[in-house]
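Participant: Just so we're aligned, residue 193 is where the sequence shown starts under our numbering, counting upward by one.
Beta carbons: idealized from backbone N, C-alpha and C, even for Gly.
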Amino acid sequence: MGEDCSRFGYAQMKTGNFVQEAPVLHNPFDDDPILEKALKKLLPPKVHPS
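1) List the endpoints of the continuous alpha helix (DSSP H) containing F221.
2) Taking the C-alpha atoms as reference points, what is the distance between D223 and P237?
3) Determine the DSSP secondary structure at A214, reduced to helix, strand or coil.
4) I'd like the list of long-range same chain contacts for L227, defined as Cβ closer than 8 Å, with 5 residues on each side in sequence excluded.
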């Protein structure tokens with residue numbers, strides 16, 4: 193402990209022009225056709241109208 197970290201090769205992060213876009217999260221109840229089909233089949237029409 194207390195040693196100089198700069199003597200290690202991994203102590204400094206190399207930076208470049210890498211850019212990653214933020215993920216887009218969708219509502220699975222609106223965007224999932226398989227879930228929609230299952231809910232339509234399993235739930236009564238009063239609860240899940242077409």
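Facilitator: In this structure, then:
1) Where F221 is concerned, the enclosing alpha helix (DSSP H) stretches over 220-223.
2) Looking at the two C-alpha atoms, the distance is approximately 20 Å.
3) Note: A214 maps to coil in three-state DSSP.
4) Counting only Cβ-Cβ distances below 8 Å, and skipping sequence neighbours, we find P220, F221.
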